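Written below as structure tokens is the structure these notes are about.
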């Protein structure tokens, strides 16, 4: 479990296809590897990955085919910057919202509207996810916990403060770039529970 508060910007060192619909990704992140061990979880652009090896400031993780298909990790190349966050510890502050690191779909940055002290950024929503996104609700974009400022049938907008622009990849994303999206898991649970009540059945 994560909170969507990015700890550092990492750098992809290498991406190695393993030949069985999966890949091995090596990422440099001095902070997140400072106490990382084999089997630990680290979110990379919002995707929960399991550490298989730590070598100095670099950790390596396996990425299976399902993850490559359902996220934008398959487009990563050496030199790309990525948002990194270690799994939340019990008793730590919940600065963002409950984030599982299980990407629901890949969105697309549509446009950016700079203002004096912040920036409004609009993203396209994949079909089927719009029902989980509400104004003033939470959404995770490339691992960053954000508050929805506006929402349409197939898009949503967020406001990015200077800290987010400077310390995450969202500050350099351009129109057309893919982003990993995770909707609020509570919305999905509510839908499941209400669905059972409305249909009068139990699943």
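Residue numbers (the numbering used here): 31 to 233.
Yeah, the Cβ is synthetic: ideal placement off N, Cα and C, and Gly gets one too.
Quick caveat: nothing in here was measured; it's all calculated off a predicted structure.
Item                                                                                                                                                                                       : Value
Can you tell me where the beta strand (DSSP E) with residue 95 in it begins and where it stops?                                                                                            : First-last for residue 95: 95-100, but that is the alpha helix (DSSP H), not the beta strand (DSSP E).
Take residue 148 as the anchor and find which of 190, 58, 171 and 199 has the nearest alpha-carbon.                                                                                        : 190
Are residue 211 and residue 170 closer than 8 angstroms when you measure CB to CB?                                                                                                         : yes
Going straight from the alpha carbon of residue 45 to that of residue 54, what length do you get?                                                                                          : 6 angstroms
Which class does residue 170 belong to by DSSP, given the choice of helix, strand or coil?                                                                                                 : strand
Would you please state the rounded distance, in angstroms, between the beta carbons of residue 93 and residue 56? I believe it to be under 8 angstroms.                                    : Actually they do not touch by this definition, with Cβ atoms about 11 angstroms apart.
Could you please give the first and the last residue of the uninterrupted beta strand (DSSP E) stretch that includes residue 187?                                                          : 185-190
With burial defined as no fewer than 16 other Cβ atoms inside 10 Å of the residue's Cβ, what is the status of residue 118: buried or exposed?                                              : buried
Leaving aside the five residues before and after residue 51 along the sequence, list all residues of the same chain whose C-beta is less than 6 angstroms from its C-beta, in chain order. : 95
Between the C-alpha atoms of residue 125 and residue 158, what's the straight-line distance to the nearest angstrom?                                                                       : 28 angstroms
Taking the alpha carbon of residue 12 as the point to measure from, which residue in 121, 194, 165 and 140 has its own alpha carbon closest?                                               : Missing from the structure shown is residue 12; the chain here goes from 31 to 233 and no further.
Counting only the same chain and skipping the five closest in sequence on each side, list residues whose C-beta sits under 7 angstroms from that of residue 167.                           : 178 and 214
Please name the residue, chosen from 160, 207 and 199, that lies closest to residue 184 on a Cα-to-Cα basis.                                                                               : 160
Is residue 199 helix, strand or coil by DSSP?                                                                                                                                              : helix
Is the separation between the beta-carbon of residue 164 and that of residue 181 shorter than 8 angstroms?                                                                                 : yes
Taking its Cβ as the centre, do 16 or more other Cβ atoms sit within 10 Å of residue 127, making it buried, or is it exposed?                                                              : buried
Between the C-alpha atoms of residue 216 and residue 31, what's the straight-line distance to the nearest angstrom?                                                                        : 14 angstroms
Put residue 233 into one of helix, strand or coil per three-state DSSP.                                                                                                                    : Legend: pLDDT at residue 233 = 49, less than 50; position of this residue unreliable, value from coordinates given subsequently. Of the three classes helix, strand and coil, the one that applies to residue 233 here is coil, per DSSP.
Take the Cβ of residue 143 as the centre, count every other Cβ of all protein chains shown within 10 Å, and call the residue buried at 16 or more, exposed below.                          : exposed
Would residue 40 be called buried (16 or more neighbouring beta carbons within 10 Å of its own) or exposed?                                                                                : buried
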